[in-house]
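Protein chains in written order, with my numbering: chain Z, 2 to 109; chain A, 31 to 144.
Here the structure is laid out as structure tokens; the discussion comes afterwards.
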Amino acid sequence: GEDVEQSLFLSVREGDSSVINCTYTDSSSTYLYWYKQEPGAGLQLLTYIFSNMDMKQDQRLTVLLNKKDKHLSLRIADTQTGDSAIYFCAEKDEKLTFGTGTRLTIIP
Amino acid sequence: DVKVTQSSRYLVKRTGEKVFLECVQDMDHENMFWYRQDPGLGLRLIYFSYDVKMKEKGDIPEGYSVSREKKERFSLILESASTNQTSMYLCASSATDRSNQPQHFGDGTRLSIL
Numbered sequence: 002g003e004d005v006e007q008s009l010f011l012s013v014r015e016g017d018s019s020v021i022n023c024t025y026t027d028s029s030s031t032y033l034y035w036y037k038q039e040p041g042a043g044l045q046l047l048t049y050i051f052s053n054m055d056m057k058q059d060q061r062l063t064v065l066l067n068k069k070d071k072h073l074s075l076r077i078a079d080t081q082t083g084d085s086a087i088y089f090c091a092e093k094d095e096k097l098t099f100g101t102g103t104r105l106t107i108i109p
Numbered sequence: 031d032v033k034v035t036q037s038s039r040y041l042v043k044r045t046g047e048k049v050f051l052e053c054v055q056d057m058d059h060e061n062m063f064w065y066r067q068d069p070g071l072g073l074r075l076i077y078f079s080y081d082v083k084m085k086e087k088g089d090i091p092e093g094y095s096v097s098r099e100k101k102e103r104f105s106l107i108l109e110s111a112s113t114n115q116t117s118m119y120l121c122a123s124s125a126t127d128r129s130n131q132p133q134h135f136g137d138g139t140r141l142s143i144l
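In structure tokens, the structure reads:
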């Protein structure tokens, strides 16, 4: 079956850039997503990228997709304390498959 | 804005009880989903539904059933709760795919089985 992998933890200093990485196995993915989960809440869609794109930028967020290596990344510029959360990548073929989530901690 | 509402944020039940988790969406979405979220495992799909009275098994359906009597409501049922069903349960909905229709999530129900 499909598999999506992420590192479990990432710590970044406030003001630096955060880069969260994700690898997946399904070569038939059509869309890839980044969701954010704040404490005690559900998942909030942050951004997504179509599989024939290499990059998508949305304000402080940059998504990079290397389809050959099946590697997806989310870069958050000028990381703030409000960015502390768990970030999930997900790939979509017939259904949505989620990674394990990366807990982003901001160091003051 | 899409609103997906789960009836309880926290729930405590006993082993062997029948447990109902309710989810309602207000955007006339055709598709609804139930996931459970466990640390280090991400989200795993339990059941989903593409239409009223229709249900499909996800990746981990054992010990669960679902009901979709109305389009806006999707219920998850634990027939006889067990301690290994202690988890965070997330409901999601989406419109039928013509292009990209992302899933929208509720705030989750944290269920503890004692």
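Each residue gets a CB set at the ideal place from its N, CA and C atoms; glycine is no exception.
Because the structure is a prediction, the values reported are computed rather than measured.
Can you find the residues in the same chain that come closer than 7 Å, C-beta to C-beta, to residue i, ignoring five residues on each side of it along the sequence?
i       : result
Z/Ala86 : Lys37, Gln38, Glu39, Leu105
Would residue i pass as an interface residue toward chain A - the criterion being a Cβ-Cβ separation below 9 Å?
i       : result
Z/Ala42 : yes
Z/Leu9  : yes
Z/Val64 : no
Z/Gln45 : yes
Z/Tyr34 : yes
Z/Tyr49 : yes
Would you call the CB atoms of residue i and residue j closer than 9 Å?
i        : j        : result
A/Ser79  : A/Arg66  : no
Z/Ser8   : Z/Lys71  : no
A/Phe50  : A/Ser105 : yes
Z/Gly100 : A/Gly138 : no
Z/Leu75  : Z/Thr31  : no
A/Lys48  : A/Ile107 : yes
Z/Ile50  : Z/Arg61  : no
Would a check of beta-carbon distances place residue i closer than 9 Å to chain Z?
i        : result
A/Asp56  : no
A/Ala125 : no
A/Val34  : yes
A/Phe135 : yes
A/Leu106 : no
A/Arg39  : yes
A/Leu120 : yes
With DSSP run on the structure shown, which of helix, strand or coil describes residue i?
i        : result
Z/Asp59  : strand
A/Gln36  : strand
A/Thr116 : coil
Z/Thr103 : strand
Z/Asp84  : helix
A/Val42  : strand
Original post:
Given a limit of 9 Å on CB to CB distance, which residues of the stretch 75-91 of chain A reach chain Z?
Top reply: Listed by position along the chain: Leu75, Phe78, Gly88, Asp89.
Original post:
Listed in chain order, which residues of the stretch 89-105 of chain Z have Cβ atoms closer than 9 Å to some Cβ of chain A?
Top reply: So the list reads Phe89, Ala91, Lys93, Lys96, Leu97, Thr98, Phe99, Gly100, Thr101, Gly102, given in the order they occur along the chain.
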